[in-house]
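The listed protein sequences derive, respectively, from chains E and V.
Take 1 as the starting number for the first sequence in my numbering and just add one per residue.
Take 1001 as the starting number for the second sequence in my numbering and just add one per residue.
This report refers to the structure that appears directly beneath it.
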Amino acid sequence: MRRLAVALLAVYALLALAPAGLGGWDRPGSGPAFAPPSPAHWAGTDQVGRDVLLGAVLGVRTALRVGLLAAGVALLVGAALGLLAGWRGGAWDRAVLLATTWVSAVPSLLLLLVLAFLFGGGTTGVFLAVGLVSWVGVSRLVRAEVRRLRAAPFLEAARAQGGGGFLLLRRHVLPHLAPLCAVQFALVFVGAVKAEVVLSFLGIGLESAPSWGRMIADAWAFDDLGQGRPWRLLLATLFMAGLVAALHLWAERVDEGRAARGEGDGLAP
Amino acid sequence: MSRFLRRLGETVAAALGAFLLLFLLLETPVLGDPALREAGAHAGAGEVAAARARLGALEDFHRRALTLRLAGAPARQEQRLELRVRDGALHLAAEGAAGGRTVALGERPLAEVAAALADAALALDPPRLLEARAAAGLETAPADGLAAALDGSVLLLPTGLERSLPWGRPVAAPRRFLHRLGAVLSGDLGTDRDGRPVARELLRRGAVSLAYALPAFVLATLVALGLGLAAGWRGGRLDATLAALSLALLSVSAVSALLVWRRLLTVELGLLPLRPWGPPRLPLLLLPIALWVLVAPWGDLRLYRALVRDRRGAPHLRAGRARGLSERRLALAHLLPGLLPTVFAHLAHLVPFLVFGSLLLERLCDLPGLGEYLVDGLARSDVRVLEGGTLLAATLFLLAQLAADLGAALVDPRLRSPAR
């Protein structure tokens, strides 16, 4: 299963290399609008005559960009603050906890809407909004893990041998955080890809970049289902579902591996 | 009791923090000038100033504090004067031309600034005759009120036309925050773009959202809990099927799933009506309920399934099985109660959406609920609606968490009294 997930992710990474202007996608009006599927356009065309299949393929790059950046922001902020709070403790811990309480007091979907609105939509708006909403969970988990590790016997041993703070952190704490961070990275990634669709549907998503959210929102706006042309909705949904499922599966396997190893490394829960 | 009071204190503190966060984001220039957002991209300087006053950044606001009139030949293009307000000073120049004159504002009375402006216009090249006059009663008001209302604006003054400059006393952010906090605590969330009180509108629309969301929430929770329990407890083929199915359904975007189910239920199968909101309203609530139950439970199901699998081998369950208790009794009377605190805590996260419905659902089903109000406010950049709605959601969220904690203490005696 894990191999399948990795293979699927590799395919997506390859698709993301497709150049943005492939097949004249960025030149609307070059073909007939709402053409049915044909050898020239396997899934038909959209309201301005762009190839639907091509749009879904080009959407891969947008999705990966939004997901990677959002997960990057969430992980950077969350892991840094969680590490700070868990490792240093004291006033740092209290300050980070306070910030997480405030941010998590606002339901995440609403905070996401407010932030996307403030950032004015667009790719930057979407990934920043998702990242700034999602760091809280990452920070909580990292903090808890770091606190657990700090009390672990092997860390005590390393400390007794005279290891300094930075060395301990780099050699003994960060490697243990890697699987946790990988799982969180995948989950925020998924969240960002899904959020882009919701934001596009609500009218504050990406404007011009080819994206699955835009395609789904357009499918609704132009009543694709009612007009008997489900291709756009179907393709955008399938492309997105493949990516989301692959990330989910991969995260689940990493998580299981972590749980399995957790018994053997002297870290009683 | 002391534990309850401490939790209550934490809840209040978190609510205050959430409000401060929203205030910082929406009403201070942390992420862009809120007055520009409120007034819209194409608003003139006067509208932006009015928006500042509406947002509470200016008090004692006057739309026409200083009246200016450029005398001379009628409406010739090159005769227009450009007024720029920047860094606490008013800069006067011929339109598009470099140079010009600067009049400092500061604490000087408006009447004095008016005279200085007329002098500055006379000193331009070529000289202009500018009539400037402070509004009655505002002659002695400090001129930095102009700067507060107009900072960063550019105004054009054509010949022969009267132009008025707004004035207001700036309100420092901390004091604004306290004002807003007082207003919010007394139930005043301000008015939306149509002039309706946001608080009343939230209540009215909340009732619509609640009417479908409550039954849907209960049903979806029962479905998720029932299937999760069955899958996790029984294992085997049922478990594998449900695990794969729920992963597949979770991977599909909720928007796509809702679009397809909506089409299926209304048009293809003709089971449910699809028409604009109006009496009789009851049948119209069935579609969002059905959609919710079809789309919402899959993530929860996975969570409950994982919980059950985690606890399946617990010692007390093994003991019960050894004594010959039936599987059903073990699952319902011995496993389920232990899960409830976690389930409650999870459900508390979903409570805001009880009232907000699903933002997507209300758009899809054309329901005038809270979610639609919020999305509408978003489209119209209505800060008060966004703030009020988010604040309501945050309050509900925190109250639900409090209730979940208390509920957990009710079903789990270990949480009731601190460790002895």
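Idealized CB from N, CA, C, for every residue including glycine.
Residue 1119(V): member of the alpha helix (DSSP H) spanning 1110-1122, first to last residue. Excluding residues up to 5 positions away in sequence, nothing lies with its Cβ nearer than 6 Å to the Cβ of residue 1247(V) in the same chain. Contact between the segment 1357-1371 of chain V and the segment 1207-1215 of chain V is present: 3 or more CB-CB pairs across the two stretches fall below 8 Å. For residue 1167(V), the enclosing beta strand (DSSP E) covers residues 1162-1170.
Along the segment 197-212 of chain E, going in chain order, the ones with a CB nearer than 7 Å to a CB of chain V are 197, 198, 201, 202, 203, 204.
Under the DSSP assignment, residue 1177(V) falls in the alpha helix (DSSP H) whose first and last residues are 1173-1185.
The C-alpha of residue 1249(V) lies about 8 Å from the C-alpha of residue 1295(V). Think of a sphere of 8 Å around the beta carbon of residue 1352(V): the chain E residues whose beta carbon falls inside it are 107, 110, in chain order. Not a single CB atom of chain V sits nearer than 8 Å to the CB of residue 254(E).
The beta-carbon of residue 113(E) is placed less than 8 Å from the nearest beta-carbon of chain V.
Excluding its 5 nearest sequence neighbours in each direction, residue 1341(V) has C-beta neighbours in its own chain below 6 Å: 1408, 1412, listed in chain order. Pairwise C-beta distances place the segment 203-217 of chain E in contact with the segment 121-138 of chain E, as three or more of them are shorter than 8 Å.
Within the segment 48-108 of chain E, the runs of alpha helix (DSSP H) at least 4 residues long that lie entirely inside it are, in chain order, 52-88, 90-105. With contacts defined by Cβ atoms closer than 8 Å, residue 1082(V) and residue 1156(V) form a contacting pair.
At a cut-off of 8 Å between C-beta atoms, residue 138(E) does not count as an interface residue with respect to chain V. Around the beta carbon of residue 1019(V), a 10 Å sphere encloses 16 or more other beta carbons of the protein chains shown; the residue is thus reported as buried. For residue 1309(V), the nearest beta carbon of chain E is not closer than 8 Å to its own beta carbon. Just measuring C-alpha positions, the residue of 144(E), 226(E), 63(E) sitting nearest residue 186(E) is 63(E).
By the CB criterion at 8 Å, residue 1384(V) and residue 1192(V) fall inside the cutoff. Closest option to residue 184(E), judged by alpha-carbon separation, among 255(E), 51(E), 31(E): 255(E). In the same chain as residue 1225(V), and ignoring 5 residues on each side of it, the C-beta atoms closer than 6 Å to its own belong to 1304, in chain order. CA-CA distance, residue 1207(V) to residue 168(E), rounds to 56 Å. Residue-level contact check: residue 117(E) touches chain V, since one or more beta carbons of chain V fall below 8 Å from its beta carbon.
Close partners of residue 1015(V) in chain E (Cβ separation under 7 Å): 105. For the pair residue 8(E) and residue 17(E), the Cα-to-Cα distance works out to about 15 Å. The C-alpha of residue 66(E) lies about 14 Å from the C-alpha of residue 112(E). Listed in chain order, the beta strand (DSSP E) runs fully inside the segment 1027-1103 of chain V are 1058-1071, 1081-1086, 1089-1094, counting runs of at least 3 residues.
Between the alpha carbons of residue 101(E) and residue 173(E) lies a gap of roughly 25 Å.
Taking each of 1373(V), 1030(V), 1003(V) in turn and checking the Cα distance to residue 1203(V), the smallest one comes out for 1373(V). Note on geometry: alpha-carbon atoms of residue 244(E) and residue 1004(V) lie some 41 Å from one another.
For residue 176(E), no Cβ of chain V is located within less than 8 Å of the residue's own Cβ. Secondary structure of residue 152(E) (DSSP, three-state): coil.
Contact of residue 133(E) with chain V is not assigned, every C-beta pair being separated by 8 Å or more. A Cβ-Cβ separation of about 5 Å places residue 1390(V) in contact with residue 110(E) under the 8 Å criterion.
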